[in-house]
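S.K.: Terminal number for the sequence shown in this note's numbering: 307, no gaps in between.
Once you've had a glance at the structure underneath, I'll fire off some questions.
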Amino acid sequence: MSLHHPADAVPPTPATRVGIVGVGNMGGAIAARLLSLHYRVAVNDIDARCEAQAVSLGAMACATPAGLAASSDLLIVAVVDAAQTEAVLFGAHGAARSLARGSTVLLCPTIAPADVERFAAGLHRQGIACIDAPMSGGPDRAREGSMSLMLAGPGDAIERHRGLIDALSSHVFRISEHPGDGARTKLVNNLLAGINLAGAAEALALAERMGLDVARTLDVIEQSSGQSWIGTDRLRRALRGDYLPRAHTRLLNKDTHLALGVARQAGAPTGLGEAAAAVFARACERGFAGMDDASVFEVLRRPG
């Protein structure tokens, strides 16, 4: 079920105390969004620069996830992978030890469904609700409250935090009550995103090789049957030589390979997905891991 809400349809004086672990590109944009709406936000990040940026907007910094959790009604985890998520929740200074019974964790990283299920079970044993909530759309859409959220978790926990969820996303999708299904949905999406981006980059590299004006070719594609949102978004940046990371290449490499693992478990054919994942792996090998995933255009235009 899809629930679409106006991006500004939020309570005027939010009372929920929100903790965010991981305030990089997406987590930082979430913090900015909530602070602009007068939520009380505390943050923790292994990168002091990311913390400082959030603090400059009005957030409070906490030294550890456990310290953050002690003063939070809702904890948003927006780190990179399963290892970081486990450390944040259950490590030596993990949040789970300080979260009150009846509190909620919003789990936003793109990780394997089995890991989501494991983390949700561990939280449940401590009386903490877990909402599997992968996100999509990039930092700009997160900052304006128009990103997509794919929710899988207890309906009562989702309803309890409905105001905050609506503040974060005007495109909320209720997938199921089973944590892990959000991750499955996100991996399907990201596999297709990877296929679309690799395909768009390959097509523009072909246009360039044939001597066409690539910007004009992209104009045509945007208004024709080859159009894709990610192709337009990333390749406009690529044509400007702008590879400042909004979505790192290493993340789409991670996500496409996670999706292939889920597909193997399901017995599904993934020829196109495997080809796309190989492109992102090659981009990482060639030094583009820390750059924007638009950099796959460089890999495909200069295959040597």
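Built from N, CA and C at the ideal position, the CB exists for glycine as well.
1. Once the 5 residues before and after A69 are set aside, which same chain residues still bring their CB inside 7 Å of it?
2. DSSP three-state call for H127: helix, strand or coil?
3. Can you name the residues that DSSP bridges to M138?
4. Name the one or two DSSP bridge partners that C133 has.
5. Tell me the residue span of the beta strand (DSSP E) that contains I79.
6. Under three-state DSSP, which class holds H251?
7. Using DSSP with H/G/I as helix, E/B as strand and the rest coil, what is A103?
8. Kindly provide the ranges of any alpha helix (DSSP H) runs that are 4 or more residues long and lie completely inside the segment 174-248, ordered along the chain.
9. What did DSSP end up calling G1 once you bin it into helix, strand or coil?
10. Counting only the same chain and skipping the five closest in sequence on each side, list residues whose C-beta sits under 8 Å from that of G276.
11. Identify which residue in F122, H251, I134 and R239 has its Cα closest to the Cα of I224.
12. Taking all protein chains shown into account, decide if I290 is buried (16 or more other Cβ within 10 angstroms of its Cβ) or exposed.
13. In the DSSP assignment, what are the bridge partners of I23?
14. Kindly list the residues whose CB is nearer than 7 Å to the CB of A12, restricted to its own chain and excluding five residues on each side of it in sequence; keep chain order.
15. For the alpha helix (DSSP H) holding L40, just list the boundary residues, first then last.
16. For the alpha helix (DSSP H) that A284 lies in, which residues bound it at each end?
17. If you compare alpha carbons, which of A32, A269 and A132 is closest to G148?
M.R.: Well, looking at it:
1. The residue given as residue 69 occupies position 66 in the sequence shown. Cβ within range, chain order: H96, G97, A98, R100 and S101.
2. For the purposes of this step, residue 127 is taken as the residue at position 124 of the sequence shown. Looking at H127 - three-state DSSP - the assignment turns out to be helix.
3. Residue 138 sits at position 135 when you count from the first residue of the sequence shown. DSSP lists L152 as partners of M138.
4. Reading the sequence shown from its first residue, position 130 is the one you call residue 133. DSSP output for C133 lists V108 as bridge partner(s).
5. In the sequence shown, the residue the question calls residue 79 occupies position 76. Run containing I79: L77 to V80, per the beta strand (DSSP E) assignment.
6. Position 248 of the sequence shown, counting from 1, holds the residue named residue 251. If DSSP states are grouped into helix, strand and coil, H251 belongs with the strands.
7. Stepping through the sequence shown from its first residue, residue 103 is reached at position 100. Coil.
8. 184-212, 217-225 and 232-242
9. Nothing about residue 1 can be read from this structure; the chain reaches only from 4 to 307.
10. In the sequence shown, residue 276 corresponds to position 273, counting from 1. If we look at G276 and ignore the five residues flanking it on each side, its Cβ neighbours are L194, G197, I198, T259, A262, L263 and A266.
11. For the purposes of this step, residue 224 is taken as the residue at position 221 of the sequence shown. Out of F122, H251, I134 and R239, R239 has the C-alpha closest to the C-alpha of I224.
12. The sequence position of residue 290 within the sequence shown is 287, counting from 1. The identity of residue 290 in the sequence shown is Gly, whereas the question assumes Ile. Answer is exposed; the Cβ neighbour count stays below 16.
13. Here the question's residue 23 lines up with position 20 in the sequence shown. DSSP, once it has assigned bridges, lists V46 and I79 as partnering I23.
14. Working through the sequence shown from its first residue, we reach residue 12 at position 9. Model confidence at A12 stands at a pLDDT of 44, short of 50, so the residue's coordinates are unreliable and nothing is read from them.
15. Stepping through the sequence shown from its first residue, residue 40 is reached at position 37. Unbroken run through L40: none, as it is neither H nor E.
16. Here residue 284 refers to the residue found at position 281 of the sequence shown. Note, A284: alpha helix (DSSP H), G274 to A286.
17. Mapped onto the sequence shown, residue 148 falls at position 145. Of A32, A269 and A132, the residue nearest in Cα terms is A32.
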